[in-house]
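**Q**
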Amino acid sequence: MFPVQSIYDAAFDERLFPDLVRQLADHFGAQAGFIGWANEKTQAGFQAEYGNDPVWLQRYVETYAALDILRPVLMDAPEGEPLPVHALLQTPDVPASRFYREYIAPQRIVDNLAVNLIKRDGIFATIAILRTNNAPPFESDHVEAMRALVPHLRRAVFLSSYRIHQAD
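Position one of the sequence shown corresponds to residue 29 (the numbering used here), numbered consecutively onward.
#1: Quick one: Cα of PRO120 to Cα of ARG191, how far?
#2: Below 8 Å on the Cβ atoms is my contact criterion, and I expect HIS180 with VAL49 to pass it. Report the Cβ-Cβ distance as a whole number of Å.
#3: Determine the closest residue to LEU117 out of ASP139, VAL143, GLN135 and ASP37, with distance taken between C-alpha atoms.
#4: For the structure I just gave you, are there three or more beta carbon pairs, one from the stretch 73 to 86 and one from the stretch 139 to 150, closer than 8 Å?
#5: Go ahead and pull the three-state DSSP assignment for ASP139.
#6: SER189 and TRP65 look like a contact to me (Cβ under 8 Å); what is the Cβ gap, rounded to whole Å?
#7: So what's PHE166 in DSSP terms, helix, strand or just coil?
#8: Applying the criterion that 16 or more other CB atoms from any shown protein chain within 10 Å of the CB defines a buried residue, is PRO134 buried or exposed?
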């Protein structure tokens with residue numbers, strides 16, 4: 029069972045979010061992860077990651093975000109619903125894409141358990157937990173375990189977003 033208190037600890041101290049992402053990655057047998065949000069109403073934004081190569085993250089921002097054929101599917105996922113992408117990676121158009129060939133394949137990404145934690149006017153928050161190399165894809169029990177953490181992660185985002193806004 030994941031220590032839920034660590035989610036709330038991070039909500040009250042943003043410096044703990046990278047370690048929270050590491051704990052989540054470890055809990056889910058993943059090698060990397062990311063959490064981020066933007067709140068237009070409070071002008072608060074935040075992101076934390078663990079295990080990702082900063083060079084690849086920069087390449088994503090500069091080049092591959094515009095080519096990301098998985099992003100529309102992930103963005104359309106319902107709020108709070110965990111979505112593993114392994115099945116999408118198996119569809120013919122994905123491996124044929126430049127995004128897959130130049131971004132997914134070189135990093136040996138096997139699966140991404142992604143959740144739109146919050147999808148509302150003015151605020152968007154997401155978390156992604158990545159399995160790479162020889163790791164197996166996420167299974168239904170992983171999806172259920174993430175689903176159980178979503179309410180806590182959502183609260184943490186709201187709390188932290190409010191705190192960041194108040195600090196500014």
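Virtual Cβ for every residue (Gly too), placed ideally from N, Cα, C.
Model, not experiment: these values are computed from the prediction.
**A** Reading it off the structure:
#1: 44 Å
#2: Incorrect: roughly 14 Å between the Cβ atoms, too far for contact.
#3: ASP139
#4: no
#5: strand
#6: 6 Å
#7: coil
#8: exposed
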